[in-house]
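Chemist: Sequences listed follow chains A and B, in order.
The opening residue of the first sequence carries number 0 in numbering that gives the first Met the number 0; numbering runs sequentially from there.
The opening residue of the second sequence carries number 0 in numbering that gives the first Met the number 0; numbering runs sequentially from there.
Where is the CB? At the ideal position from N, CA and C, for every residue including glycine.
For clarity, every value in this text was computed on a predicted model and none was experimentally measured.
Starting off with a structure, shown below.
2 protein chains.
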Amino acid sequence: MDVISIHEYTMEMIQEAATRIRQSFTEKMEIETKANANDLVTNIDKETEQFIVEKIQAYDASHRIFGEEGMSEEQFADLKGVVWIVDPIDGTMNFIRQQRNFTISIAIYEDGIGKLGYIYDVVRDELYYAIAGQGAYVNEKRIQPLEPIELDKAIIGINASWVAKNNRLNTEKIAKLIHTVRGTRSYGSATIEMMYVATGRLESYMSMRLSPWDIAAGAVIAHEVGAKCTTLKGEPMNLLAQDTFIIANPSIHEQLISEYIELI
Amino acid sequence: MDVISIHEYTMEMIQEAATRIRQSFTEKMEIETKANANDLVTNIDKETEQFIVEKIQAYDASHRIFGEEGMSEEQFADLKGVVWIVDPIDGTMNFIRQQRNFTISIAIYEDGIGKLGYIYDVVRDELYYAIAGQGAYVNEKRIQPLEPIELDKAIIGINASWVAKNNRLNTEKIAKLIHTVRGTRSYGSATIEMMYVATGRLESYMSMRLSPWDIAAGAVIAHEVGAKCTTLKGEPMNLLAQDTFIIANPSIHEQLISEYIELI
């Protein structure tokens, strides 16, 4: 696997995909009042994935592709070989309703090991990426390794639906967490929240339910700056099926899981 | 009160204030590793307000100024005359930790009536503003009036601290709300969340505790597109003291308060 060649190819592909998405804004502006916005957006989602899939196949037809649209999870009993894990638009609700705060997310794994990761916040024009072992970048700027922080100074990304009484988490412990940390945020895009952790804008982000394509690219980038990615049980993150997920500054990862997370 | 003259003066003043804040980023980059980031930022907060206050006084020394830094609430038993309500940096924690997602917020009221409102998202370079009765704008673009929406399609801005068990709200009802709506977000800046409601990116934003300078400018802008601003009891919003607050698309404002908000 020629990492540099794939890197250059992917960087170009992402810019092309973003240009298509940006063009769709103008179309949407025109169509939104007469047509169903959700349908249109679904089309953009699918069209973007179609574009990315064709580009990957043109690059090397032997590579496997694992994506949100059109790929069934049954195909992926393992991550053998070269696997591209693609989310053409992460944060679809933001895309539809806000026309911002969404990303294109692409990861390349080889035999289950993350090799390259790309998350492009299209509207902010911020491309986060990493080649494993070579550091993480946002646009041309190197992202600095994370520094330790105490939990009471931390800002945590968590959606209110996991804080409100629910059937999956002990929300009393979550309430304790909410009142312990300095603040919480929720942006509606797992990839943006992961990149906020990677750049020290948040100290952690967690969710009860994420898919492989939500986390695969972010994990490669996060790894380069020292952020820890696991399930909420502290096990290796699941790249084959939907599961719980947490990314955190390594200084608080263990404490978050052991003191505040109780799955029920 | 010469509205157009004040408008032109304020537009220029905000750009100058923003330039100073942007310059502080470079200073901060250099200083952050050796000094206390919080102190530095407090200075920037105060320096920006000082700059704004001096500009207002130079414009008309008879105008009253009500701001977060250095102005005591006791001074404001009423809103008689021309009152500028200023928050030099709304979203201070975001400013410190994220260097984004904060705004400059300035409102001008006359005898308690909102006349002009300005909210500048410095890093996105988005200036929301309105002259009462003349519509709301973001940069040069007119913001469209809000369209009705059903609650189950709404995205609500609410911080997890009001969803986690607390002493001020019936959180069982809030949990019901969280599971009813399409989604929730939390950005850590009241002014940004209010402008997301004004532009249809959120349908509501609520908080148990906001100050007059958090909401004064946003209310003028929101009013122009039909968004409703009240306390969580449905009373007129409080511009003299810290209080509860809700802004909402008018089609769901009443329902939110009557069915889901119970202050304890």
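#1: Using a Cβ-Cβ cut-off of less than 7 Å, give me the residues of the region 10-29 of chain B that come near chain A, in sequence order.
#2: If you drop the 5 nearest sequence neighbours on each side, which residues of the same chain put their C-beta closer than 6 Å to that of Y195(B)?
#3: Closer than 8 Å, Cβ to Cβ, to anything on chain A: give me those residues from the region 216-236 of chain B, in chain order.
#4: Using a Cβ-Cβ cutoff of 9 Å, what residues of the region 170-183 of chain B are near chain A? List them in chain order.
#5: Report yes or no: do the region 55-66 of chain A and the region 74-86 of chain A share at least 3 C-beta pairs separated by less than 8 Å?
#6: Should G217(A) and T190(A) be called a contact, given that it needs their Cβ atoms to be closer than 7 Å?
#7: According to DSSP, is G113(A) part of a helix, a strand, or is it coil?
#8: For I116(B), which residues in the same chain have their Cβ closer than 6 Å to its Cβ, ignoring the five residues on either side in sequence?
#9: Confirm, please, whether the CB-CB distance from P144(A) to V224(A) is below 7 Å.
#10: Use the C-beta contact count for H178(A): other C-beta atoms within 10 angstroms, 16 or more gives buried, fewer gives exposed.
#11: Is S188(B) near N100(B), with beta carbons less than 7 Å apart?
#12: By a C-beta neighbour count over all protein chains shown, 10 Å radius and 16 as the cutoff for buried, is I112(B) buried or exposed?
#13: Determine whether the beta carbon atoms of I51(B) and A16(B) lie at a separation below 7 Å.
#14: If you compare alpha carbons, which of L239(A), W161(A), Q241(A), K172(A) is closest to Y204(A)?
#15: Relative to the C-alpha of K264(A), which candidate in S185(A), N165(A), E261(A), L255(A) has its C-alpha closest?
#16: According to DSSP, simplified to helix, strand and coil, what is G156(A)?
#17: Can you list, in chain order, the residues of its chain whose CB lies under 6 Å from that of N158(B), leaving out five sequence neighbours each side?
#18: Could you pull out every residue in the same chain whose Cβ sits closer than 6 Å to the Cβ of T32(B), ignoring the five residues on either side in sequence?
#19: If you follow the beta strand (DSSP E) that Y127(B) is part of, which residue opens it and which one closes it?
#20: Give the range of the alpha helix (DSSP H) segment to which P147(A) is assigned.
#21: Mind checking if V162(A) is an interface residue toward chain B, Cβ cutoff 7 Å exclusive?
#22: What's the C-alpha gap between M28(A) and E171(B)?
#23: How many angstroms separate the CA atom of Y136(A) from the CA atom of L238(A)?
#24: Note down, in chain order, every chain B residue with its Cβ under 8 Å from the Cβ of M92(A).
#25: Tell me which same chain residues have a C-beta within less than 7 Å of the C-beta of N37(B), skipping the five on either side of it?
#26: Where does the unbroken beta strand (DSSP E) through R208(A) begin, and where does it stop?
#27: So, for E109(A): in the same chain, excluding its five sequence neighbours on each side, which residues have a beta-carbon less than 8 Å away from its beta-carbon?
#28: For the beta strand (DSSP E) that V85(A) lies in, which residues bound it at each end?
#29: Going by C-alpha distance, which of A247(A), I251(A), T18(A), V122(A) is nearest M193(A)?
#30: Taking just the CA atoms, how far does S250(A) sit from M236(A)?
#31: Hey, is R200(B)'s beta-carbon within less than 7 Å of any beta-carbon in chain A?
#32: Between S133(A) and chain B, is the shortest Cβ-Cβ distance under 7 Å, so that the two count as touching?
Modeler: Reading off the structure:
#1: Under the 7 Å Cβ criterion, the region 10-29 of chain B contributes no residue.
#2: Residue numbering aside, residue 195(B) sits at position 196 when the second sequence is read from its first letter. Closer than 6 Å at Cβ, skipping near neighbours: L201.
#3: none
#4: T170, E171, I173, A174, K175, L176, I177, H178, R181, G182, T183
#5: yes
#6: To locate residue 217(A), count along the first sequence from 1; it is residue 218. To locate residue 190(A), count along the first sequence from 1; it is residue 191. Yes; because the gap between Cβ atoms is below 7 Å, this pair is in contact.
#7: The residue you call residue 113(A) lines up with position 114 of the first sequence. Of the three classes helix, strand and coil, the one that applies to G113(A) here is strand, per DSSP.
#8: Here the question's residue 116(B) lines up with position 117 in the second sequence. First, the residue type needs correcting, since residue 116(B) is Gly and not Ile in the sequence shown. Spatial neighbours of G116(B) in its own chain (CB-CB distance under 6 Å, excluding positions within 5 residues in sequence) are listed in chain order as A106, A129, A216, V219, I220.
#9: Start at 1 with the first residue of the first sequence, and residue 224(A) comes out as number 225. Start at 1 with the first residue of the first sequence, and residue 144(A) comes out as number 145. Yes, they are a contact pair.
#10: As a position in the first sequence, residue 178(A) is number 179, starting the count at 1. Exposed.
#11: Locating residue 188(B) in the second sequence gives position 189, counting from the first residue. Locating residue 100(B) in the second sequence gives position 101, counting from the first residue. Note that the C-beta distance between S188(B) and N100(B) is below 7 Å.
#12: Taking the first residue of the second sequence as 1, we reach residue 112(B) at position 113. Label assigned to I112(B): exposed.
#13: Indexing the second sequence from 1 puts residue 51(B) at position 52. Indexing the second sequence from 1 puts residue 16(B) at position 17. Yes. Within cutoff.
#14: If you number the first sequence from 1, residue 204(A) lands on position 205. Among L239(A), W161(A), Q241(A), K172(A), the Cα nearest to that of Y204(A) belongs to W161(A).
#15: Nothing in the structure corresponds to residue 264(A), since chain A is present only between 0 and 263.
#16: Residue numbering aside, residue 156(A) sits at position 157 when the first sequence is read from its first letter. Residue state, collapsed to three classes: strand.
#17: In the second sequence, the residue the question calls residue 158(B) occupies position 159. Closer than 6 Å at the Cβ level, and outside the excluded window around N158(B), lie S185.
#18: For the purposes of this step, residue 32(B) is identified with residue 33 of the second sequence, where counting begins at 1. Reliability fails at T32(B), whose pLDDT of 40 lies under 50, so the model's placement of it is uncertain and no value is given.
#19: Here residue 127(B) refers to the residue found at position 128 of the second sequence. 125-130 is the span of the beta strand (DSSP E), which, as asked, contains Y127(B).
#20: Translated into positions along the first sequence, residue 147(A) becomes position 148. Unbroken run through P147(A): none, as it is neither H nor E.
#21: Along the first sequence, one-based indexing puts residue 162(A) at 163. Closer than 7 Å: yes.
#22: Here residue 28(A) refers to the residue found at position 29 when the first sequence is read from its first residue. Here residue 171(B) refers to the residue found at position 172 when the second sequence is read from its first residue. Residue confidence is low: M28(A) scores 42 on pLDDT, short of 50, so the model does not pin down where it sits. Its coordinate-derived value is still stated next. If you take the alpha carbons of M28(A) and E171(B), they lie about 39 Å apart.
#23: By 1-based counting over the first sequence, the position of residue 136(A) is 137. By 1-based counting over the first sequence, the position of residue 238(A) is 239. Answer to the nearest angstrom: the Cα atoms are 23 Å apart.
#24: Your numbering for residue 92(A) matches position 93 in the first sequence. Correct list: I154, R181, G182.
#25: Your numbering for residue 37(B) matches position 38 in the second sequence. The pLDDT assigned to N37(B) is 46, lower than 50, so where the model puts this residue is not dependable, and the model offers no usable value.
#26: Stepping through the first sequence from its first residue, residue 208(A) is reached at position 209. Segment 203-209, the beta strand (DSSP E) holding R208(A).
#27: One-based indexing of the first sequence puts residue 109(A) at position 110. Counting only residues of its own chain and dropping the five nearest sequence neighbours on each side, E109(A) has a CB closer than 8 Å to the CB of M0, G80, V81, V82.
#28: Translated into the one-based positions of the first sequence, residue 85(A) becomes position 86. Where V85(A) is concerned, the enclosing beta strand (DSSP E) stretches over 81-89.
#29: Residue mapping note: residue 193(A) aligns to position 194 of the first sequence, counting from 1. Looking at the Cα atoms, A247(A) is the closest of the given residues.
#30: As a working note, residue 236(A) is residue 237 in the first sequence. As a working note, residue 250(A) is residue 251 in the first sequence. Looking at the two C-alpha atoms, the distance is approximately 18 Å.
#31: Reading the second sequence from its first residue, position 201 is the one you call residue 200(B). For R200(B), the answer is yes, since a Cβ of chain A falls inside 7 Å of its Cβ.
#32: Along the first sequence, one-based indexing puts residue 133(A) at 134. Ser is not the amino acid found at residue 133(A); the sequence shown has Gln there. No - not a single Cβ of chain B is within 7 Å of the one on Q133(A).
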